[in-house]
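Below is one structure, written out as structure tokens, with a few remarks after it.
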Amino acid sequence: MKESRPKDLELPDLTDVTGEVRMRVAPNPSGPLHIGHSRMAILNDEYVKRYGGMCYNRFEDTDPARIDPAGYDSIPADLEWLGVKIHKTVFQSDRFELYYEVSKRLLEIGKAYVCTCRPDDWRELKNAKKPCPHREQDLSDQLARWDRMFDGTFGQEEVSLVVKTDLAHPNPAIRDFVALRIDETPHPRTGTKYRVYPLMNLAVAVDDHELDLTHVLRGKDHINNTYRQEYVFDYLGWKMPVYIHYGRVSIENAQLSTSKMSTGIREGKYTGWDDPQLGTLSALRRRGVRPEAIRRYWVETGLKEVDIEFAWKTLHSFNKDLIDDSSNRYFFVDDPLKLRLESPADLTARVPLHPAHPERGTRELEVPKGGSVCLSRADLPEKGGRLRLKNLCNVVHDGDVLRYDGNDLGVLKEGVQVVHWVPEAAIEAEVLMTDGSTRKGLAERGIVAAKDASVQLERFGFVRVEQVAPTVRCVFTHR
RNA sequence: GCUCCCGUAGUGUAGUCCGGUCAAUCAUUCCAGCCUUUCGAGCUGGACACCCGGGUUCGAAUCCCGGCGGGAGCACCA
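Counting with the working numbering, you get residues 5 to 483 for the letters of the first sequence.
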């Protein structure tokens with residue numbers, strides 16, 4: 005017997021926990037969630053479930069030009085499928101007035117300035133550790149310019165609110181950062197009502213404080229943003245949540261770029277966001293990958309700051325653990341070849357729906373005397389020879405026919421190849437593979453009972469059956 | 001260039017803070033055998049790692065120094 009799960013397969017404890025935790029997922033609704041996004045969602049969920057508390061879904065939709073409104077619906081659906089419990093959803097686009105208010109306060113206490121430099125000039129000065137002309141202007145000047153920021157005087161990139169940090173900071177990534185900017189692009193949720201948008205370093209600091217978060221998990225690409233946001237917390241006397249950064253994940257053989265997926269769909273390379281070639285959660289769901297497998301994967305991976313490589317094989321192994329027991333078995337003959345079976349009598353194969361579960365019953369496949377069976381071309385021995393048709397009989401492959409050769413299971417000991425097959429009266433079936441190809445063939449008719457279920461096509465692999473009429477269509481899961 | 005972070009088997013991970021019980025854990029992977037009327041499942045066995053070099057120490061994956069390697073950021077994206 006295996007011992008109970010070792011504790012090192014669990015996530016490490018959080019630091020500074022003083023009761024319930026409040027955490028958040030913070031998606032940008034620019035596209036659907038993919039396998040990479042699922043990490044932060046699941047880790048947050050795991051901690052909230054461990055310590056009690058709540059998890060927000062906070063839509064970070066402060067860049068009107070980069071929003072795909074479909075994300076407002078698909079992301080909550082994906083989170084729900086993952087089993088991530090969201091206690092409350094907030095939209096940053098509902099909170100622009102709040103960001104303005106905090107920004108003005110920063111301005112008034114001398115921790116921000118209204119800058120009308122050209123972005124390139126400002127950046128150059130910053131890199132040289134020098135203040136731009138607007139940085140130290142009087143408050144009254146700042147406030148006058150602040151008002152004009154909102155009255156339409158300035159266009160895009162003509163004005164911004166900059167938060168002061170430390171111009172002499174040795175790390176150039178941490179010196180003064182832009183907090184508000186102008187964008188004329190209509191926002192999917194607020195239209196043209198607002199044209200001054202917060203940037204993430206301001207909005208995140210404000211919201212993490214306002215939502216009273218205790219712990220924040222984010223990718224390590226945000227490390228310097230955390231330092232920048234720390235200035236905002238300090239200026240306003242706010243207590244900072246614990247920020248934890250994890251490393252980047254490189255996921256091979258998966259198209260995860262929203263823009264590339266989007267153009268691929270438009271060009272017909274992919275059938276949609278759930279095309280089995282993609283790494284989106286909707287594609288994985290369609291393929292029959294269980295969310296519990298994804299969860300186990302990320303929990304075992306943990307949240308170290310080192311970069312890691314994602315291993316599909318491992319995810320598939322976890323998934324197989326989950327679905328093997330419930331996946332009934334069926335025969336699917338890929339690239340079929342019809343051969344007459346010369347048998348002395350009618351034959352009937354009784355094949356268990358699941359070898360480990362005889363109580364589930366059998367599939368009955370009948371081959372009348374003089375009838376034919378279909379075999380996968382790849383299973384036929386090149387020069388003819390003996391085969392066993394699984395659960396039916398032994399045969400000798402001889403030219404265009406199969407000659408009945410008894411039903412003695414002893415041939416297995418002799419190394420005779422066991423192959424799957426279907427009767428003539430089979431149903432057309434195809435399997436969408438993850439490389440975009442389609443395997444066409446014939447499946448035994450009983451598979452129509454398995455609509456929407458995961459099944460194992462014997463000697464082929466696990467698939468999810470997504471259509472059973474007029475023909476069968478399956479999506480490949482893994483071997 | 002500047003600032004910061006990281007380096008345990010093919011992959012992920014435990015151990016590193018508080019040096020010995022680590023001839024290094026677990027999972028996955030791969031290989032072999034057993035079992036099985038699937039190339040699935042199960043069982044058994046096996047393979048593979050502490051980035052390198054110094055130093056401290058009776059003793060270092062663990063501490064120190066130096067290399068090397070990898071990564072993040074330096075956006076009016078998030």
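Cβ atoms here follow ideal geometry from the backbone N, Cα and C, with glycine treated the same way.
Please classify residue i: is it buried, with 16 or more other beta-carbons within 10 angstroms of its beta-carbon, or exposed?
| i | result |
| --- | --- |
| GLU432 | exposed |
| PRO280 | buried |
| LYS133 | exposed |
| THR438 | buried |
| ARG9 | Annotation note: pLDDT 32 at ARG9 (below 50); position unreliable, coordinate value reported separately. Counting Cβ neighbours within 10 Å, ARG9 comes out exposed, since fewer than 16 surround it. |
| ASP212 | buried |
| THR169 | buried |
| THR230 | buried |
| GLN96 | buried |
| LEU143 | exposed |
| GLY35 | buried |
| GLY75 | buried |
| ASN131 | exposed |
| GLN160 | exposed |
| MET5 | Legend: pLDDT at MET5 = 21, less than 50; position of this residue unreliable, value from coordinates given subsequently. The residue is exposed, with fewer than 16 neighbouring Cβ atoms inside 10 Å. |
| THR481 | buried |
| LYS92 | exposed |
| VAL310 | exposed |
| LYS11 | Residue placement at LYS11 is flagged as unreliable, the pLDDT there being 39, under the threshold of 50; a coordinate-derived value is accordingly withheld. |
| GLU448 | buried |
Going by DSSP, what residues sit across from residue i in a beta bridge?
| i | result |
| --- | --- |
| ARG289 | Looking at the DSSP assignment, ARG289 forms no beta bridge with any residue, so it has no partner. |
| CYS59 | MET27 |
| SER376 | ARG344 |
| VAL422 | ARG392 |
| TYR334 | LEU461 |
| LYS444 | GLU434 |
| THR93 | ASN61 |
| THR366 | PRO356 |
| LEU406 | LEU345 and HIS401 |
| ARG468 | SER458 and VAL479 |
| GLY195 | HIS191 |
| TYR201 | ARG185 |
| THR284 | HIS38 |
| PRO427 | VAL377 |
| VAL52 | According to DSSP, which records beta bridges pairwise, VAL52 is partnered with nothing at all. |
Please name the residue, chosen from the options, that lies closest to residue i on a Cα-to-Cα basis.
| i | options | result |
| --- | --- | --- |
| GLU101 | VAL21, LEU341 and THR194 | THR194 |
| ILE178 | ARG152, PRO190 and ILE227 | ILE227 |
| ASN61 | GLU470, ARG381, TRP126 and ARG28 | ARG28 |
| LEU446 | PRO385, ASP350, PRO356 and VAL337 | VAL337 |
| MET152 | GLU470, LEU110, ARG109 and VAL200 | Met is not the amino acid found at residue 152; the sequence shown has Arg there. The candidate whose alpha carbon is nearest that of ARG152 is VAL200. |
| GLY306 | GLY251, SER330, ARG185 and ILE327 | GLY251 |
| THR218 | ARG26, VAL435 and TYR198 | ARG26 |
| ILE90 | ALA30, GLU370 and GLU309 | ALA30 |
| ASP383 | PRO340, PHE466 and THR475 | PRO340 |
| LEU15 | LEU221, LEU326 and THR262 | LEU221 |
| VAL355 | LEU18, LEU461 and GLU256 | LEU461 |
| VAL52 | VAL21, ASP124 and ASP67 | VAL21 |
| HIS188 | ARG99, GLY23, THR66 and PRO245 | Rather than His, the amino acid found at residue 188 in this sequence is Glu. Among ARG99, GLY23, THR66 and PRO245, the Cα nearest to that of GLU188 is on THR66. |
| PRO123 | ALA148, ALA457 and VAL182 | VAL182 |
| GLU64 | GLY57, ASN32 and TYR55 | ASN32 |
| PRO73 | MET58, HIS191, GLY156 and GLU105 | HIS191 |
| ARG358 | LEU203, VAL371 and ASP329 | Contrary to the premise, residue 358 reads as His rather than Arg in this sequence. When each option's Cα is compared against that of HIS358, the closest is ASP329. |
| PHE237 | GLY223, SER261 and LEU206 | LEU206 |
| TYR104 | PHE154, SER458 and CYS136 | PHE154 |
| ASP216 | GLY57, GLU112 and ASP49 | GLY57 |
| ARG99 | PHE464, MET204 and GLY283 | MET204 |
| ALA116 | GLU128, PHE466, ARG70 and LEU165 | LEU165 |
| SER441 | ARG463, ALA430 and ARG477 | ARG477 |
| GLU256 | ILE312, LYS342, VAL208 and ASP225 | ILE312 |
| ASP325 | GLY374, GLY156, PHE466 and ASP145 | PHE466 |
| VAL1 | LYS342, VAL479 and HIS401 | Beyond the ends of the chain as shown, which are 5 and 483, falls residue 1; an answer cannot be given. |
| ASP145 | LYS387, LEU111 and TRP302 | LEU111 |
| LEU18 | ASN48, LEU37 and HIS38 | ASN48 |
For the ligand FMN, is there any heavy atom lying closer than 7 Å to the beta carbon of residue i?
| i | result |
| --- | --- |
| PHE335 | This structure does not include the ligand FMN; it has no bound ligands of any sort. |
Quick one: which unbroken beta strand (DSSP E) runs of 3-plus residues sit fully inside the stretch 205-260? Chain order, please. Taking only runs of at least 3 residues, the beta strand (DSSP E) segments lying wholly in the stretch 205-260 are 219-223 and 246-250.
Complete alpha helix (DSSP H) runs within the stretch 300-330 (minimum length 4 residues, chain order): Listed in chain order, they are 316-327.
Any chance you could list the beta strand (DSSP E) runs of at least 3 consecutive residues sitting entirely within the stretch 136-177, in chain order? The stretch 136-177 contains, as complete beta strand (DSSP E) runs of 3+ residues, the segments 164-167 (chain order).
Inspect the CB distances between the stretch 81-97 and the stretch 30-50 and report whether three or more fall short of 8 Å. Because the criterion of three Cβ pairs below 8 Å is met, the stretch 81-97 and the stretch 30-50 touch.
Inter-stretch contact (C-beta, 8 Å, three-pair minimum) for the stretch 406-424 and the stretch 297-305: Output reads no: the stretch 297-305 does not touch the stretch 406-424.
At least 3 beta-carbon pairs within less than 8 Å: the stretch 449-462 vs the stretch 405-416: Using a C-beta cut-off of 8 Å, the stretch 449-462 makes no contact with the stretch 405-416, since fewer than three inter-stretch Cβ pairs fall below that distance.
Are the stretch 357-372 and the stretch 414-421 touching, with three or more C-beta to C-beta distances below 8 Å? Put simply, the stretch 357-372 does not touch the stretch 414-421. Fewer than three CB pairs are less than 8 Å apart.
Residue ranges of each alpha helix (DSSP H) run of no fewer than 4 residues wholly in the stretch 93-122, ordered along the chain? The qualifying runs are 100-112.
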